Structures are given as structure tokens and as C-alpha cells.
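As C-alpha cells, the structure follows; a few thoughts come after it.
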Amino acid sequence: MTNVEKWVLNYPTKCYHCQKYADQIIEIYTNQAFVKCSNCGATRYYLIRKISVEEENILELEKNKKSKYDIWYLEKEATCYNCKKNGIQDILVTESKLIVRCRNCGFSRYYWFHMVSI
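Quick note: the sequence shown, position 32, residue 138 per the numbering used here, numbers continuous.
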């Protein structure tokens, strides 16, 4: 991702705020990410906290943690910011963090939950 590029993904699920089944619009930038309900507009803000090269099991560890809300697992084909190869980027969204990890080199970006606006 370049400094101005953003990824936009949709994840249809029940909103944590309005409880309606609606697309959750996920926008990921290099330094922040947002998850916004297409129905009620409730938005969760995440800020970058850590960048590192991680083993594949980091996503499994996060997926297996107990959580109040469903954990979302998405994939996006894109060019890695680190290794510059085009491939699958794994995206994991939890109530407290959002993780993007390159399958080619393990380069990972961790975004921590910052605030919510309703």
C-alpha cells in the first residue's frame, strides 16, 4: 500500500450497535482503519500500534480467543507494502484490534481499537 492508497472491504453481519444485519464497511489505510455500519453509521476507529514480521499462527491465536462479538476473517489480494509481491493479505477484525498480514513474507500491521462514534 502506498501512503494514499486505501483498501475498502464489505463484511455483511449483524451490527454491534443497531443489531441489524447490514454491510460493515472496512477501510484500511497505512496508519489507521475504520469499520462503519452501512445501516446506522456507527463507526469504530483503529490506530496503528505495531508493525512486525509474524508467524502464521498469530492469526490462529487471535481467532481462538474468547470474544464478546464475532471475529471476522477476510482476505484481499494486494501488493505487500514490505515484500512488494502481489498475493493474499489476511485481515482479522476483533472488538479490540484489526490485523493485516501478508502470506508471502509475514509482514503484519496491528491496529488497536481507539474509539467509536455513533
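Backbone N, C-alpha and C fix where the C-beta goes; we use that ideal spot for every residue, glycine too.
None of these values were measured; they are calculated from a predicted model.
Hey, how far is the Cα of I177 from the Cα of K203?
On the sequence shown, residue 177 is found 71 positions in, with the first residue counted as 1. On the sequence shown, residue 203 is found 97 positions in, with the first residue counted as 1. The alpha-carbon atoms of I177 and K203 are separated by roughly 10 Å.
Going by CA-CA distance only, name the one from C121, K112, I205 and V114 that's closest to K174.
Within the sequence shown, the letter at position 68 stands for residue 174. Of the listed residues, the one whose Cα sits closest to K174 is C121.
State buried or exposed for N109, treating a residue as buried only when at least 16 other CB atoms are found within 10 Å of its CB.
Position 3 of the sequence shown, counted from the first residue, corresponds to residue 109. Low local confidence applies: a pLDDT of 48 at N109 is under 50, so the model's placement there is unreliable, and no value is given.
I177 in three-state terms, based on DSSP:
Along the sequence shown, read from residue 1 onward, the residue named residue 177 stands at position 71. I177: coil per DSSP, three-state reduction.
Tell me the DSSP secondary structure of N163 in three-state form.
Taking the first residue of the sequence shown as 1, we reach residue 163 at position 57. Three-state result, N163: helix.
Do you know offhand how far D196's Cα is from M221's?
On the sequence shown, residue 196 is found 90 positions in, with the first residue counted as 1. On the sequence shown, residue 221 is found 115 positions in, with the first residue counted as 1. Counting only the Cα atoms, M221 lies some 23 Å from D196.
Enclosing beta strand (DSSP E) for H220 [first to last residue]
Looking up residue 220 in the sequence shown gives position 114. Boundaries of the beta strand (DSSP E) around H220: F213 to S223.
Please identify the residue among F219, I132, E201 and T185 whose C-alpha is closest to the C-alpha of R209.
For this step, residue 209 is matched to residue 103 along the sequence shown. For R209, the nearest C-alpha among the options comes from T185.
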